[in-house]
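Chains as they are written, first to last, in this note's numbering: chain Y, 83 to 497; chain X, 46 to 205; chain S, 1238 to 1651. First up is the structure itself, then whatever we jot down about it.
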Amino acid sequence: MKHTSIEKIIINNLKRDNIQANDIVTVNVDRVMIHDIFIPFVAEKFEEMGFSKIWDPSKAVLIYDHLVPASSVEDIRHFKIGDSFADKYEIKNIHRSDGICHQLMLEAHYVKPGDVVFGTDSHTTTYGSIGAFSSGVGYTEMAAILGTGQLWVKVPETVRVTVNGKLPDNVTAKDIVLRLIGDLGADGANYKALEFTGSTIFDLSIASRMTIANMSVEAGAKAAIFEPDEKTAEYCGILFEDLPKISGDRDADYVNEIHYNAEEIVPVMACPSSVDNIKPVAELEGIPIDQVFIGSCTNGRLEDLTVAADILKGKKAADHVRLIVTPASREIYKQAARSGILNTLISAGAIITHPGCGLCCGRAGGILSEGERIVATNNRNFLGRMGPASVDIYLGSPAVAAASAIEGKIALPKP
Amino acid sequence: MVIKGKIWILGDNIDTDIIIPTEYLAMKRIEEMKKYAFSPLRPELAELIAPGDIIVAGRNFGCGSSREQAPEIIKELKIGCVIAKSFARIFYRNAINNGLLLIEHSLIPDLISEGEYIAAVIGEYIEYKEAKYDLAPLPPNLMEIIEAGGLVAAMKNKNI
Amino acid sequence: MGMTISEKIIAAAANIDHAKAGDIHTVSIDRMMSNDGTTHLTIDMYNSMLKNPAIADKSKLVFIIDHNMPADSPKTAAAHKKIRDFAKTHEIAFYEGKGVCHQIMMEEYVRSGELIFGADSHTCTYGALGAFGTGVGNTDFLYAMVTGRSWVLVPETLLFHLSGSFREGVYPRDLILTIIGDIGAGGASYKTMEFTGSGAHAMSIGHRMALTNMAVEAGAKTGIFEPDEKAVEYLSAHGRQAKHLFKSDKNARYEKEYFYDLGKIEPVVARPDNIDDVVNVESVKDVKIDQAFIGSCNSGRIEDLRIAAEILKGQRIADHVRLLISPASNSVYQKALEEGLMGIFIDAGAMVVNSNCSVCWGSCQGVIGEGEVLISTGTRNFKGRAGHKESKVYLGSAATVAASAMAGKIVRAV
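Structure, rendered in structure tokens:
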């Protein structure tokens, strides 16, 4: 019997010989992530359900990121509830100001290839970048997992996405995933898994794979999956020989196959106000902008800040254009500080904020005003996400964001 | 189980930020948040919705974040059910887990008009302007949760 | 009768030979600074209340967005947009996210001997360079903006003689809190607090700013130091020259003189909710804290960050404490990066936020919750200032704040 990557992970998880897409199965959960916005609700539901202990407190990770630093007095309540829930139920893995949950889950090695992981956040799909089956759930289901260590899932059908060849200069993983979302539509992968393969994919860094896995949910995907390789082993701090074999069989039952030539991918943006409204940057050049945001669990990593710094070095953000940069984690901040990247960005006029979800989740960190336009590297451009409904959000790569900041309008990076 | 109510129409890709913007997510109770439901798109809508009304939308209703406040708020507005061409998956699970009934139907959203009445007989058919349209039943594991009154109640039952 | 520095600056601004305390003079203003606390209101008044609105001299104006930076709500964003658009249209010098207004003014504009209005109470900071800076409301600001002039009541001057040098672990911040504790929150109302003596001249400009900045907390119109070599050096390092290097005359008249031996100053804190409720750190030790803040126009400079870094190096803050550090400006931020201080803070578990007013006035980042306690290098400890109305703020030096963040409770650094 041939299987897709996700099927193999689930088979391994269930210790069964065989399953197939659309089976409803109950998986054993290897790790869960809960973030600050939802912890009060998880705590309430957990107790309402009548649980008195967490199935395995060492498998739970609590991360404060959406509300860090607190911008309203109500935010503090979430930290207090989180702290007391962690105390009461013996959760030791707690991060109060270390960065964005998805970055930390991988960076701090909470997730391993082959794991089954759920988080109270839709971008939990990110962990597919290292070959884990991970997906977002609501707080009620999270409470149930905390009590039982299990969750029912429908085994997703898998779409195989193959990208071969060498990406042109200034074309990045972000452009690949935006192109894909545009082609599939915002619901094109609903309930399904997206499995990525091909030479281009294997050439990508783990950070870039995270960008793709992260945004897979924007096409509705339940999960994204990348085959673990040497890069994965190195990132995860495990020996290549010890990696689980998670590779989709060539003739497994894929519901759809999509092929791209890397050479044909161009810098693109998701235009207001849906993630699948994809246009080439070349067609958008010259649109005046008011703000640029580089950060988020999609594109706030060191390689993203490096790309931006390379473009901004010795240049300045245009007058009256705000450039906000939020490293995705404490560790990334530190590396960017040490390597001079932060200094370069500040010289270019950037405002560096503390690692966290910041502007991406629209609670603080650079909210916009009526009729303003932003170029942002994050994952959503929904109506009203970063201010009033009249704010236009264009999503693009860090390279396009940096180039646009200099020009004060949407611009392609100079070759 | 029969649900009958007045129709409010929403379009495709009604995302979770439209259903409830992040700005209001740190409010203590769903009750406080509900007046901001759908505010980026139709700020007046939450005030106009009456108990028992039915939302009919296009594709991919509830796409975006995992925020469970989205279905909870719709439930808090006492919407009878949401009928859409398709639902985003996290939203779908969250709705079921909160006992909010969702009906996936490919035809209905293109047929109806706002302000008209529609009725659904669960697992059997939808009735609109004296015409009947087939309705598939939900998978048994989901019916189990709905019949228990949501996942909290289902878990409670298991624990006791 | 001789004149004080304040009298000389006002006389020069009024274009007269002699001014004395109690006089009211019409003066021309050398520079006007307004921030996002009130500029949008000033713009509304400018647009709606004047028949023929016009700016007297746009080159004298500086608009700075620092209080709610980055914007944390559509309302704030709308205010910022109004300010930004106005600055753009009228070609007014404009800074956004570059630092706290007073720090930027010191780095980029203030010259010794100038008379400067700021629509912010801590404009008195500029006395660190021997300028007369004072805070005004936005109506006064508007008048000055459209006429280039205003009136001032020449203040009486209180003279503070500073001698000796601080013991280890004691800083100018402790001194100014001690002085405010001694003279009270209204102890210098309408007056100038002038600082002199060997102890004053020994201080860096950054440390002088910690003193002049808080003069307003004793009710003062301004705080001022005689511009000396250090002031001239500071100006030249920032590409400027003094306008006047005024010194108070030997026979100038002072309302009162105070004498402080810096060697006798102890680390102190101002207790909630009064700025002049100043006590030795020892007497409040073990008060549990939830948050600590190093930053603000009072103590967010490189001097303060170095003090904090020395204490935090290789250490961790307490688990349940949030420590926020906001360099007072981007140039302070970059200096701290170059000196490796940010790495120390980040390793210690601090949050390094962008240069802004944030925690000092309970906005946009790092607000505190119900019943929480903050220890801060900010300017004020009024009830509820840093967040929830039922929260408390203690003010102390960067050293006391850093040490307390590590201990999870208020402690002396040394």
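For each residue, glycine too, the CB sits at the ideal point set by N, CA and C. Quantities reported herein were computed from a predicted structural model and do not represent experimental measurements.
Asked: S:Glu-1344 and S:Ser-1566 closer than 8 Å at C-beta; Found: yes
Asked: Y:Phe-308: first and last residue of the uninterrupted beta strand (DSSP E) it sits in; Found: 305–308
Asked: Contact list for X:Glu-68 against chain Y, beta-carbon separation under 7 Å; Found: Gly-444 and Arg-445
Asked: Outcome for X:Gly-194 when other beta-carbon atoms lying within 10 angstroms are tallied against a minimum of 16; Found: exposed
Asked: Identity of the residue in S:Ile-1605, S:Ala-1258, S:Gly-1608 and S:Ala-1639 nearest S:Thr-1394 by Cα; Found: S:Ala-1258
Asked: Start-to-end residues for the beta strand (DSSP E) that takes in Y:Asn-343; Found: 338–343
Asked: Cβ shell of X:Glu-117 (< 7 Å), same chain only, five flanking positions each side left out; Found: Ile-75 and Asn-143
Asked: Proximity to X:Lys-73 [Cα-Cα], best of Y:Ser-87, Y:Val-150, Y:Gln-102 and Y:Arg-159; Found: Y:Arg-159
Asked: Best match in Y:Glu-309, Y:Ala-289 and Y:Ala-303 for proximity to Y:Ser-281 [C-alpha to C-alpha]; Found: Y:Glu-309
Asked: Counterpart residues of Y:Arg-242 in DSSP-defined beta bridges; Found: Y:Glu-277 and Y:Glu-339
Asked: Span of the beta strand (DSSP E) around S:Phe-1462; Found: 1459–1462
Asked: Counterpart residues of Y:Arg-110 in DSSP-defined beta bridges; Found: As written in the sequence, residue 110 of chain Y is Asn, which differs from the Arg given in the question. Answer is Y:Gln-232.
Asked: Contact check, S:Asp-1303 vs S:Gly-1355, beta carbons under 8 Å; Found: no
Asked: The stretch 340–361 of chain Y: positions lying closer than 9 Å to chain S by Cβ; Found: none
Asked: Minimum C-alpha distance to S:Ala-1422 - residue among S:Arg-1617, S:Ser-1533 and S:Ser-1634; Found: S:Arg-1617
Asked: 8 Å Cβ cutoff, X:Pro-85 in contact with chain Y; Found: yes
Asked: Assumed close pair Y:Glu-367, Y:Ala-255 - CB separation to whole angstroms, cut-off 8 Å; Found: Contact doesn't hold; Cβ gap of about 22 Å is too wide.
Asked: Residue-chain proximity (S:Thr-1313, chain Y), Cβ-Cβ < 8 Å; Found: yes
Asked: Cβ contact (3+ pairs, closer than 8 Å) linking the stretch 177–186 of chain Y and the stretch 141–161 of chain Y; Found: yes
Asked: Per-residue DSSP class, three states only, for S:Tyr-1427; Found: coil
Asked: Cβ of X:Ser-151 within 8 Å of any chain Y Cβ; Found: no
Asked: Nonlocal neighbours in the same chain, by C-beta distance under 7 Å from X:Met-200, ignoring five residues either side; Found: none
Asked: Identity of the residues DSSP links to S:Met-1270 by a beta bridge; Found: S:Val-1299 and S:Gly-1355
Asked: Strand pairing of Y:Phe-362, partner residues [DSSP]; Found: Looking at the sequence provided, one finds Pro at residue 362 of chain Y rather than Phe. DSSP, once it has assigned bridges, lists Y:Val-350 as partnering Y:Pro-362.
Asked: Burial state of X:Thr-61 (16 or more Cβ within 10 Å); Found: buried
Asked: Chain A within 8 Å of X:Ser-158, Cβ atoms only; Found: Protein chains in the displayed structure are Y, X and S, and chain A is not among them.
Asked: First and last residue of the uninterrupted beta strand (DSSP E) at X:Ile-52; Found: 47–54
Asked: Cβ-Cβ distance between Y:Val-389 and Y:Pro-470 below 8 Å; Found: no
Asked: Cβ neighbours of Y:Met-131 in the same chain (closer than 8 Å, five flanking residues each side left out); Found: Ala-225, Ala-226 and Gly-229
Asked: C-beta contact flag for S:Gly-1532 and S:Thr-1449 at 8 Å; Found: no
Asked: Unbroken stretches of the beta strand (DSSP E), 3 residues or longer, contained in the stretch 163–239 of chain Y; Found: 175–177, 198–201, 215–218 and 232–236
Asked: Sheet register partners of S:Leu-1399 (DSSP bridge); Found: S:Tyr-1497
Asked: Chain-ordered residues of the stretch 163–181 of chain X with a beta carbon less than 7 Å from chain Y; Found: none
Asked: For S:Trp-1388 and S:His-1262, the rounded distance between their alpha carbons; Found: 5 Å
Asked: Residues that DSSP places opposite S:Lys-1646 in a beta bridge; Found: S:Lys-1525
Asked: The stretch 123–137 of chain X in contact with the stretch 90–106 of chain X per 3-pair CB rule at 8 Å; Found: yes
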